[in-house]
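Just so you know, the sequence shown maps onto residues 4 to 511 in our numbering. We put the CB at the ideal spot given by N, CA and C, even for glycine. One structure below.
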Amino acid sequence: MHNCCQPIYPVAGIRTIEHAVMPTAQPPLMERAGRASAEEAVRLMIDRPGPLLIACGPGNNGGDGFVMARHFMQAGREVVVAFASNPDQLPVDAHKAYTAWTDAGGQTLSDLPAPPPGGWALVVDALFGIGLRRPIEGRYADWIRSLNALPGPRMSIDVPSGLCADTGRVLGIAFEATHTVTFIALKPGQLTLDGPDHCGEIVLKRLDLDANGQLPAQGWEVCTKLFMHALHPRKLNTHKGNFGDAVIVGGAPGMCGAALLAGRAALRVGAGRVFVGLLDDRGPAVDQVQPELMIRRAEHALADGNAIAIGPGLGRDAAASALLERALHSSATLVLDADALNLLGSDPRLAQQAREREAPMVLTPHPGEAARLLGISTDEIQADRLKSALALARHFDSHVVLKGCGSFIARPDGQWRINRTGNPGMASAGMGDVLTGLLGGLLAQGLNMDDAVAAGVHLHGAAADLLLTRGIGPIGMGAAELPDAVRQILNQWVATPHPPGRGGPAHP
Ligand SMILES: NC(=O)C1=CN([C@@H]2O[C@H](COP(=O)(O)OP(=O)(O)OC[C@H]3O[C@@H](n4cnc5c(N)ncnc54)[C@H](O)[C@@H]3O)[C@@H](O)[C@H]2O)[C@@H](O)CC1
Ligand SMILES: [K+]
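Quick look at the structure:
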C-alpha cells in the first residue's frame with residue numbers, strides 16, 4: 004500500500020506524537036502495533052504453511068514482536084520466538100507484552116533455531132526499531148546475518164534493525180526486509196540512502212492516530228496531488244508564446260551533450276521555446292535529433308528566457324564563471340546544476356551573489372556537488388541527507404534538490420519533501436541534465452518553484468519507472484531515453500478529453 008502525500012517524521016517527531024497519545028491510548032499503542040503487524044503477516048503468509056520465526060530485541064520493538072506472537076498463537080499458528088535479552092530489563096510496555104506471551108503459554112529461545120525442514124513461513128525482525136542508538140555488533144549482528152540468509156519473505160516491524168530511521172544509514176549491519184510494517188508515520192531513513200534497499204515494500208499502519216493533527220509535519224512525500232493543480236490541460240486557443248521560453252546554458256567543449264539533453268527535456272515537458280546556449284564554439288549548430296532546439300552561443304542565449312537553467316557541461320573556466328555571474332544578476336528564475344554549483348563551491352564571491360539574489364532559484368546538487376557547496380565531504384553529506392539539504396536551502400535561501408536514492412527537496416523555511424519515484428537505471432550519466440531541463444521547462448511555463456520542483460523531480464523518476472515497465476533498464480537505461488517517457492506521463496496526468504462535437508487533434 005502506498006498512500007498519497009504522507010507526512011514523514013524523524014524519530015524525535017514520532018516520539019513527540021507517542022508521548023502525547025500514549026497515556027490515554029486504548030487499546031495501548033503496542034497492542035495496536037502488534038496486531039497491525041500480525042494482520043500484515045497474514046497477507047504475506049498466504050499459501051505458506053509452517054511456523055513463523057519472530058526475533059525479539061531488548062526494547063519496545065521486541066514488545067511489538069511478543070504481541071504479534073501472541074496473536075498468532077491464539078489463532079492456532081505455530082510461532083517460534085527468539086529473544087536474546089533479559090526479560091527483567093525490558094521497558095514497561097515490552098515487559099507486559101512478554102508476560103502476556105508467556106502467560107498464554109508462549110516460550111522463548113535464547114538462540115536462533117535452525118529452520119524447519121520446509122523453511123519458515125515468515126521471518127520477522129522485531130530486534131530494534133526507532134530506538135537504535137549505535138552500530139549493531141556481536142550476537143545481534145550474528146543473528147541479523149543469519150536471518151538475512153534465510154529464504155522466503157522477511158518482515159521488519161517498524162524499521163529494519165540496524166537501519167537508522169532518521170538517515171537511512173546502516174549502522175554496522177541491517178536486516179534486509181522484503182516488507183516493513185511501520186507505525187504512526189513514515190520515517191525519512193526508510194525512504195532515502197540505504198533505506199529502500201532494506202525496507203522492501205513499506206506498509207504504513209497509522210494505529211488510528213492522526214500524526215499531522217498531533218504534530219504538524221515539516222516533511223512530506225512527493226505525490227502528484229501536490230502539484231496537479233499547476234498542470235493545466237491546454238486550451239485550444241494557445242500558441243507557443245503561452246508556454247514560456249527556457250534557456251539552457253552549458254555545453255563547454257566535449258560536453259555539449261549535457262546541454263542538449265537538458266534542452267530536449269525542457270521541450271518534452273512543454274516549454275514553448277527552448278534556447279540552448281553552448282560555450283563550445285565548435286558545438287553543433289543544430290540538434291539533429293531535436294531540431295526544435297534553438298542553439299546559439301551561450302553569451303547570446305542568456306537574454307532569451309524567463310527561466311534559465313545553467314550548469315550542464317558548463318565547465319569551470321573564466322567564461323563559465325562570467326556566464327554564471329550574468330545569470331545570477333538576471334531577473335530570470337534560475338536552475339543551478341553541475342558546474343554552476345561547482346563554481347559556487349569554489350568561488351566565495353559567486354556564492355555570495357547567489358545568496359543575495361532575490362529572484363527564485365533552485366539548486367540541484369548530487370551529493371558530491373553538495374559537499375563542495377558546504378565545504379564538507381560527500382560521506383558527511385550522505386550521513387544525513389536531510390540535514391544537508393536543509394542546510395543548503397538555508398545557506399542559499401533557495402530551494403534545493405539533493406539527488407540520489409530518495410531525492411530530498413528542501414525549502415529555506417525548513418519544510419522538506421522526499422520523492423519516491425525512480426530506480427537504479429537513473430544512476431547513469433546525463434540523468435541530472437534531464438532533471439535540470441525539466442525544471443527549466445516547467446519554470447518557463449510559469450509554475451511556481453514549489454510546484455515546478457515537486458513536479459519535475461516526481462516526473463523524472465516516474466519516467467524512468469515507465470521505461471522499466473517497457474523492459475528498458477535498469478541496466479543500460481540512457482538519459483536520452485527519458486524525455487519521451489516524460490512527455491507520455493505528463494500527458495497522462497493532464498489528459499484532456501476532446502470537447503463534445505469536436506474530433507481530431509486540438510491543434511492544426
Ligand atoms: N513507545 C511506544 O509506545 C511504542 C513503541 N513502539 C515500538 O517500539 C519501538 C521503539 O522502542 P524503543 O524506544 O524501546 O527502542 P527499540 O526497541 O528500537 O530499541 C531500544 C533498545 O535497544 C537497545 N539498543 C539500541 N541500539 C542498540 C544496539 N546497537 N545494540 C544493542 N542494543 C541496542 C537500547 O539500549 C534499548 O534497550 C518502535 O520502533 C516500535 O516498534 C510501538 O509499539 C508503538 C508504541
Ligand atoms: K525491527
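Let me check one thing: in DSSP terms, what residues is residue i bridge-paired to?
i    : result
A129 : C59
G280 : V252 and R299
E224 : I421
E204 : H182
P10  : W223
L189 : I11
Could you give the residue range of the beta strand (DSSP E) that holds residue i?
i    : result
H22  : Note, H22: premise wrong, no beta strand (DSSP E); alpha helix (DSSP H) at V14 to V24.
V184 : H182 to F186
Identify the continuous alpha helix (DSSP H) that holds residue i and give its terminal residues.
i    : result
R139 : Position check: residue 139 holds Ile in this sequence, whereas Arg was assumed. Per DSSP, I139 belongs to no alpha helix (DSSP H) and is neither H nor E.
D454 : M452 to T472
V489 : L485 to W496
A36  : L32 to L47
Q217 : A214 to Q217
R271 : C259 to R271
#### Entry: Entirely enclosed alpha helix (DSSP H) segments - the stretch 310-374, minimum 4 residues
321-332, 341-349 and 351-359
#### Entry: the stretch 34-52 / the stretch 11-24 touching (three or more Cβ pairs under 8 Å)
no
### Query
Which ranges would you report for the beta strand (DSSP E) in the stretch 149-176 if only whole runs of at least 3 residues count?
157-160
### Query
Three or more beta-carbon pairs under 8 Å between the stretch 146-164 and the stretch 175-183, yes or no?
yes
### Task
Could you tell me whether the stretch 432-439 touches the stretch 209-219, where touching means 3 or more Cβ pairs closer than 8 Å?
no
### Task
Could you name each continuous alpha helix (DSSP H) segment of 4 residues or more that falls completely within the stretch 57-123, going from the start of the chain to the end?
63-77 and 95-106
### Query
Whole alpha helix (DSSP H) runs in the stretch 380-441 with 4 or more residues, listed along the chain?
381-386 and 388-399
#### Entry: Shell residues, 7 Å Cβ cut-off relative to heavy atoms of ligand 2
N64, D128, A129, L130, F131, G132, S159, I160, D161, V162, P163, S164 and F178
### Query
On the three-pair Cβ rule with 8 Å, is the stretch 193-212 touching the stretch 228-236?
no
### Task
Evaluate contact between the stretch 16-29 and the stretch 97-104, counting only Cβ atoms and requiring at least three cross-stretch pairs below 8 Å.
no
### Query
At a cut of 8 Å, does the stretch 236-248 reach the stretch 24-34 through at least three beta carbon pairs?
no
### Message
Three or more C-beta pairs under 8 Å: does that hold for the stretch 133-146 against the stretch 76-96?
### Response
yes
#### Entry: Sufficient close CB pairs (3 or more, under 8 Å) joining the stretch 450-469 to the stretch 416-425
yes
### Message
Taking contact to mean 3 or more Cβ pairs, one atom from each stretch, closer than 8 Å, check whether the stretch 61-73 and the stretch 130-140 are in contact.
### Response
yes
### Query
Do the stretch 256-273 and the stretch 218-230 meet, that is, are 3 or more Cβ pairs less than 8 Å apart?
no
### Task
Specify whether the stretch 271-286 and the stretch 345-360 touch according to this definition: at least 3 beta carbon pairs, one from each stretch, less than 8 Å apart.
no
### Query
If you pair each beta-carbon of the stretch 260-274 with each one of the stretch 441-454, do three or more pairs fall below 8 Å?
yes
### Query
Would you say the stretch 322-337 touches the stretch 464-480, given that touching needs at least three Cβ pairs under 8 Å?
no
### Query
Three or more C-beta pairs closer than 8 Å, one from the stretch 179-197 and one from the stretch 380-399: is that the case here?
yes
### Message
If contact is defined by three or more beta carbon pairs under 8 Å, each pair taking one atom from either stretch, is the stretch 335-352 in contact with the stretch 287-298?
### Response
no
### Query
Does the stretch 108-127 come close enough to the stretch 153-162 that 3 or more CB-CB pairs lie under 8 Å?
yes
### Message
Measuring CB atoms only, is the stretch 400-415 touching the stretch 366-384, in the sense that at least three cross pairs come out at less than 8 Å?
### Response
yes
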